[in-house]
Each structure stands twice: as structure tokens, then as C-alpha cells.
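In order, the protein sequence lines correspond to chains A and B. For the first sequence, the residue numbers in the working numbering are 3 to 95. For the second sequence, the residue numbers in the working numbering are 29 to 255. Below is one structure, written out as C-alpha cells; comments come after it.
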Amino acid sequence: MDNTTLIATISIVIAGFTTSIGCIAPALAEGKAVATALNSLAQQPDASATITRTLFVGLAMIESTAIYSFVVSMILIFANPFWSYVVAQANGK
Amino acid sequence: MNLSPDQEIFWQHGVFKLNATIATTWLIMLVMALGAKLITRKIEAEIAVSRWQALLEIVVTSIKTQIEEVGLKNPREYLVFLGTLFLFVAVSSLLTIIPGYSPPTGSLSTTVALALSVFIAVPFYGVLEQGIGGYLKSYAEPTIIMVPFNIISEISRTLALSIRLFGNMMSGAMIIAILLTITPFVFPVVMTVLGLLTGMVQAYIFSILAAVYIAAATRSQNHKKKE
Numbered sequence: 003m004d005n006t007t008l009i010a011t012i013s014i015v016i017a018g019f020t021t022s023i024g025c026i027a028p029a030l031a032e033g034k035a036v037a038t039a040l041n042s043l044a045q046q047p048d049a050s051a052t053i054t055r056t057l058f059v060g061l062a063m064i065e066s067t068a069i070y071s072f073v074v075s076m077i078l079i080f081a082n083p084f085w086s087y088v089v090a091q092a093n094g095k
Numbered sequence: 029m030n031l032s033p034d035q036e037i038f039w040q041h042g043v044f045k046l047n048a049t050i051a052t053t054w055l056i057m058l059v060m061a062l063g064a065k066l067i068t069r070k071i072e073a074e075i076a077v078s079r080w081q082a083l084l085e086i087v088v089t090s091i092k093t094q095i096e097e098v099g100l101k102n103p104r105e106y107l108v109f110l111g112t113l114f115l116f117v118a119v120s121s122l123l124t125i126i127p128g129y130s131p132p133t134g135s136l137s138t139t140v141a142l143a144l145s146v147f148i149a150v151p152f153y154g155v156l157e158q159g160i161g162g163y164l165k166s167y168a169e170p171t172i173i174m175v176p177f178n179i180i181s182e183i184s185r186t187l188a189l190s191i192r193l194f195g196n197m198m199s200g201a202m203i204i205a206i207l208l209t210i211t212p213f214v215f216p217v218v219m220t221v222l223g224l225l226t227g228m229v230q231a232y233i234f235s236i237l238a239a240v241y242i243a244a245a246t247r248s249q250n251h252k253k254k255e
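This is the structure in C-alpha cells:
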């Protein structure tokens, strides 16, 4: 395998792994947060406004870790600096 | 496939580039300013108000109650900034129902600009509320050791704010673009509807987080007054 193929292969494989592994923990955490919020909503329907707002803010905080890994894998696929370097080298020759 | 609307360039002269992000941002500004001007041209205090005035009243009063519930004492002061953030993000994701439109919030430069304005607004309101000394003292709140960590958190939450909005908007556009090549007819419509929902949720989250940060910067004064 030459360098170009190696860079392409590793980028694609790692991009898949980044999103898949990086989404496990946020998914579990979001499930736990929503379950707890539903429990407290069932116990105290009066506090629904506060609980919902806090839940949304918390979900956004938790979700951002998944978004980070997604952005990293998008960079690996669509805006890979190593790939651009190799292509520029190939064009220069 | 373009990662962001930054790469779509309409016009270029030297170093100045007019890309799709700037063009759509101007379009949204125009639509919002003209719309607000047209609606408030003949404003009424009667019981029978026009539909559009009722719509604007609902939007403004609900933003105001949301700001109040976060813990900011006089919401009118913050309504201008937070309401503008909410309306800009909401309208830019709402306009995705127009074909061929790419939301400017799907570009990292727009979201970084929005997050930077929050980054500047937090100390601005903090100083306005409790003075320079009082605001700077809030960095050393529990102990003096916490100063570097508070500064790090200030910077990292700005980063998180921008990346979160960018990631959500970009992923929505990306998923629709990928689905258009696989299942062109029905499924992209469903994902567009989902994208509208996430756009609204992200607009809400962006402005509520900005409100929470501003509330945290202005609050310690009120605490001391109570004690």
C-alpha cells in the first residue's frame, strides 16, 4: 500500500470509529437524564417548566460531546488536512 | 459536497469574498428588519390587533418570561441581546424550508461570531451590574486558586457554544444531502422536518445558555444584598 491509500483508509476507518465510540457515552447519559426528568415530572407535574428548561440545557451540554466527535469525523472525511497535503504534493509533481 | 456554505463563493475581488454565508446572513437581516418594520408600522393597543402583531407579541413576551425564569431581574435590559440571538438562529434554521438555501449557522465562522458576542456580553453585563471590581472578584469566588479554572471555563464554554450550534446545523444539512443521493423522494422531507425541530431547539438552547451565563455573571451581587 502506498501512502495515499494508507491515509485514505486510516481516515475513513477512524472517522467511523470516532462517531460510533464517541456517541456511546452521550447516548447513555442522555437516556439517564431523560429518564430521571420523566420520573420527577411524574412526581411533581407543577415544576414542569423548571424541569423541562433544565433538562434541555443539560441535554445540550451532554450532547455537545457527541457533536465534538461528529465534527472530528466530518473533518476527517471532508476536510482532511493530511489528505489535502498529499493531493497538493501529487498535483505539484 | 461542501462542508459549509463558506466554500460557495458568489463574487470575489482581491481578498474580499462574498460567499453564501454572508449573502444569506444579509438576506436574513433584511427579512427580519423589513418584517419587524412592516409589522410595527401601525401598532395598536386595542383588543383587536392584527395577526402579525399578535405573533410578534407572543414571541417577545415568551422570550421575556424565559429570561425572567432563568433568574435575571429586569428582563427588558437583556431582551435586546438575547432576543436577537434567538430570533437570528431561529429564522436562519426556519428558512431551510426554501429549497437551495443553506443556513448561515451551518458555517463555523457565523457560530464563532455569535459565541464571541456572548463572550463579550457576559463581562459587559457583569461590569454594568456590579462594577469592575465586583466582577473581577467573582473570578476568585470560592478561593483564589479557582482563578485559572474560571478563566478556562469562560473560554471553553464559548468554544462549546459555537461548536454545538455548528455541529447540529451542519449535521442536519449533511444528512439531508446524503439522503438525497440514496432515497431521493420521501425520506429527506422527514429529515427536513426533524431539522426544523432541532433548529428551534438549538436556537432556544443557544439563547438560554447565553442567559444563564449572563445571570451567573450578574448574580453574586444580588446574593450579597440578601445576606
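From the three backbone atoms N, C-alpha and C, an ideal C-beta is built for every residue, glycine too.
Considering just the uninterrupted stretch of the alpha helix (DSSP H) at Phe213 (chain B), what are its terminal residues? No alpha helix (DSSP H) holds Phe213 (chain B); DSSP gives it neither H nor E.
Our contact map puts Ser145 (chain B) next to Pro131 (chain B) with C-beta atoms below 8 Å; I'd like the distance itself, whole angstroms only. Between Pro131 (chain B) and Ser145 (chain B) the Cβ distance is about 18 Å, and since that is not below 8 Å, they are no contact.
List the residues of chain A that Asn47 (chain B) touches, going by C-beta distances under 9 Å, in chain order. Under the 9 Å cutoff, chain A gives no residues; its nearest Cβ is about 16 Å from Asn47 (chain B).
Can you name the residues of chain A whose CB is closer than 8 Å to the CB of Val240 (chain B)? Val59
Taking the continuous alpha helix (DSSP H) assigned at Leu43 (chain A), which residues delimit it? 26 to 45
For Ile180 (chain B), which of helix, strand or coil comes out of DSSP? helix
Partner residues on chain A for Gly195 (chain B), Cβ-Cβ distance less than 7 Å: Ile69, Phe72, Val73
Any idea if Asp4 (chain A) is buried or exposed, counting beta-carbon neighbours within 10 angstroms, 16 or more meaning buried? exposed
Where do the N-terminal and C-terminal ends of the alpha helix (DSSP H) with Lys65 (chain B) fall, by residue? 48 to 67
Tell me which same chain residues have a C-beta within less than 7 Å of the C-beta of Asp34 (chain B), skipping the five on either side of it? Asn47, Thr49, Ser135, Ser137
Given Leu150 (chain B), which residues of its chain have a CB within under 7 Å of its CB, disregarding the five upstream and five downstream residues? One point to set straight first is that residue 150 (chain B) is Val, not Leu, in the sequence displayed. For Val150 (chain B), where only same-chain residues beyond five positions count, the Cβ hits under 7 Å are Tyr241, Ile242, Ala245.
Against chain B, with Cβ distances strictly below 8 Å, would Lys62 (chain A) count as a contact? The residue you asked about is not Lys; residue 62 (chain A) is Ala in the sequence shown. With 8 Å as the cut-off, Ala62 (chain A) counts as an interface residue toward chain B.
State the start and end residues of the unbroken alpha helix (DSSP H) segment that holds Gln94 (chain B). 79 to 98
Am I right that Ile79 (chain A) and Ala10 (chain A) are in contact with their C-beta atoms under 8 Å? What's the rounded C-beta distance? About 10 Å separates the two Cβ atoms, so there is no contact after all.
Decide yes or no for the touch test of the stretch 82 to 94 of chain B against the stretch 107 to 121 of chain B: beta carbon pairs closer than 8 Å, at least 3 of them. yes
Among A:Gln45, A:Ala29, A:Val74, which residue has its Cα nearest to the Cα of Val61 (chain A)? It should be pointed out that residue 61 (chain A) corresponds to Leu in this sequence rather than to Val. When each option's Cα is compared against that of Leu61 (chain A), the closest is A:Ala29.
When Cβ atoms are compared, which residues of the stretch 38 to 55 of chain A fall closer than 8 Å to chain B? Ala51, Thr52, Arg55
Would you mind stating whether Val59 (chain A) and Ile191 (chain B) have Cβ atoms separated by less than 8 Å? no
C-beta contact flag for Ile37 (chain B) and Lys45 (chain B) at 8 Å: yes
Specify the secondary structure class of Ala37 (chain B) as computed by DSSP and reduced to three states. The sequence shown places Ile at residue 37 (chain B), not Ala. Three-state result, Ile37 (chain B): strand.
Across the stretch 51 to 67 of chain B and the stretch 75 to 85 of chain B, are there enough close Cβ pairs to call them in contact, namely three or more that are closer than 8 Å? yes
Please report the straight-line C-alpha distance between Phe19 (chain A) and Val117 (chain B), rounded to a whole angstrom. 31 Å
State buried or exposed for Val214 (chain B), treating a residue as buried only when at least 16 other CB atoms are found within 10 Å of its CB. exposed
Shorter than 8 Å from the beta carbon of Ser13 (chain A) to some beta carbon of chain B? no
Quick check on the DSSP output: the alpha helix (DSSP H) that includes Val88 (chain A) runs from which residue to which? 83 to 94
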